[in-house]
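Reading the sequence shown from the start, the letters are residues 1 to 354 in the UniProt record's numbering. Beta carbons: idealized from backbone N, C-alpha and C, even for Gly. Read the structure below first, then the notes.
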Amino acid sequence: MKRSYVKHCDYVVIFDADFQPEPDFLWRSIPFLVHNPEVALVQARWKFVNSDECLMTRMQEMSLDYHFTVEQEVGSSTYAFFGFNGTAGVWRITALNEAGGWKDRTTVEDMDLAVRASLKGWKFVYLGDLKVKNELPSTFKAYRYQQHRWSCGPANLFRKMVMEIIRNKRVTLWKKVHVIYSFFMVRKIVAHLVTFIFYCVVLPATVLVPEVEVPKWAAVYIPSVITILNAVGTPRSLHLMIFWILFENVMSLHRTKATFIGLLEAGRVNEWIVTEKLGDALKAKSATKAPKKPRFRIGDRVHMLELGVGAYLFFCGSYDLAFGKNHFFIYLYVQAIAFFIMGFGYIGTFIPHS
1 MKRSYVKHCD YVVIFDADFQ PEPDFLWRSI PFLVHNPEVA LVQARWKFVN
51 SDECLMTRMQ EMSLDYHFTV EQEVGSSTYA FFGFNGTAGV WRITALNEAG
101 GWKDRTTVED MDLAVRASLK GWKFVYLGDL KVKNELPSTF KAYRYQQHRW
151 SCGPANLFRK MVMEIIRNKR VTLWKKVHVI YSFFMVRKIV AHLVTFIFYC
201 VVLPATVLVP EVEVPKWAAV YIPSVITILN AVGTPRSLHL MIFWILFENV
251 MSLHRTKATF IGLLEAGRVN EWIVTEKLGD ALKAKSATKA PKKPRFRIGD
301 RVHMLELGVG AYLFFCGSYD LAFGKNHFFI YLYVQAIAFF IMGFGYIGTF
351 IPHS
């Protein structure tokens, strides 16, 4: 942005290396900025080229389809605000500069920029019908690193910006409430904590303490409705809903840990590891090589936290099977198996070391 030729430009388009925009991308996005001087950002939707590569990429597709279909669409149409996805977007350079440009104080500099621009009064537009092809991380190691950044970064940004949002006088009270409560608290913090603490800690613990009863509407009905609503963004994967629930519950452990790191600004709060994408070239190269005996590093495949939670759930399930009457052991055993499978790294595409 500091190059001399940028001074003659009004807009900047941002793409990650694995994104493949169509030739008409600018024709379909720039007019929204030209005809409305209040718009700072036009965000396109992501289209995943490798969603069928493995079960893990299908699970990611379900989560991200909900994010784009509901969260981005609703934010755009109601408050003209949503989090910039860091790629597949067009920014008005004057808005970018007015907001203070890129800052590296967190690992979500894209979201940081979007919040600061919004507090300056700029509006955002999301185009759900403008799709840009890209690739999902297909190895569990890469996905865990990505989710750490996506969970830790927003929590840390919330810590740094909450008072700035409250004191801001350029946006309405309702927009402040939307940004603090809906955008940050519910979606970036509370959702992770509630999923893990309730379904992987509290609910299993009630099996050990019979005096504590969790009503069915809290344990089954409401979560089922929420899950169905989350999955409607990807109708072709509705039959995978049970696997998606188990997968998300396991990942909530990792996201909860990252959220606390961000809120407390501790340990790996500023850790930035580029998300590994395999790409067709690497896959083709691997396919042409003579097969070798697969080797792997224990640290890459075995995750002790997941195994520990799996053991806890298995113990609670066994206790409920022996002494309980509410049949929670069915869920506990199935969820424990999911933790064990992911704890031993048997998910996603496996690339052995040569």
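Residue 240 is not a Cβ neighbour of residue 28, given a cutoff of 7 Å. Nearest to residue 112 by C-alpha distance, out of 72, 92, 156, is 156. Boundaries cannot be given for residue 268, as no beta strand (DSSP E) includes it and DSSP labels it neither H nor E.
Cβ-Cβ distances below 8 Å link residue 153 to 106, 107, 108, 111, 262 in the same chain, with the five nearest sequence neighbours on each side left out; the list follows chain order. By the 16-neighbour rule on beta-carbons within 10 angstroms, residue 12 is exposed.
For the alpha helix (DSSP H) assignment, the uninterrupted runs of no fewer than 4 residues enclosed by the segment 156 to 241 are, from N- to C-terminal side, 173 to 177, 191 to 197, 203 to 208, 222 to 231. Considered as a whole, the segment 82 to 152 harbours 89 to 92, 123 to 134 as its complete beta strand (DSSP E) runs of no fewer than 3 residues, in chain order. The alpha carbon of residue 351 has as its nearest neighbour, out of 80, 162, 100, 138, the alpha carbon of 138. Per DSSP, reduced to three states, the secondary structure at residue 47 is strand. From the listed residues 315, 177, 52, 242, the smallest Cα separation to residue 135 is found for 52.
Comparing alpha carbon positions, the residue from 160, 146, 143, 61 closest to residue 103 is 160. Bounds of the beta strand (DSSP E) holding residue 14 are 11 to 14. Assigned with DSSP and collapsed to three states, residue 34 falls in helix.
Distances from the alpha-carbon of residue 195 to those of 222, 212, 172 put 222 closest.
Counting along the chain, residue 320 sits inside the alpha helix (DSSP H) bounded by residues 304 to 323. With respect to the 7 Å criterion, residue 278 and residue 204 are not classified as neighbours on the basis of their beta carbons.
Secondary structure at residue 345: coil, using DSSP grouped into helix, strand and coil.
The C-alpha of residue 79 is placed about 20 Å away from the C-alpha of residue 31. For residue 41, the pairing in a beta bridge is given by DSSP as 91, 124. Excluding sequence positions up to five before and after residue 95, its CB lies within less than 6 Å of the CB of 40, 117, 122, all in the same chain and listed in chain order. Of the candidates 162, 100, 64, 244, 162 places its Cα closest to the Cα of residue 182. About 5 Å separates the beta carbon of residue 126 from that of residue 43, a gap short enough to meet the 8 Å contact definition. Secondary-structure assignment with DSSP links residue 20 through a beta bridge to 133. Non-local C-beta neighbours of residue 91 in its own chain, meaning closer than 6 Å and more than five positions away in sequence, comprise 12, 41, ordered along the chain.
Burial state of residue 10 is exposed, judged by a 10 Å Cβ sphere holding fewer than 16 other Cβ atoms.
A direct Cα-Cα distance of roughly 23 Å separates residue 86 from residue 5. By the Cβ-count criterion, residue 147 is buried, with 16 or more other Cβ atoms from all chains shown falling within 10 Å of its own Cβ.
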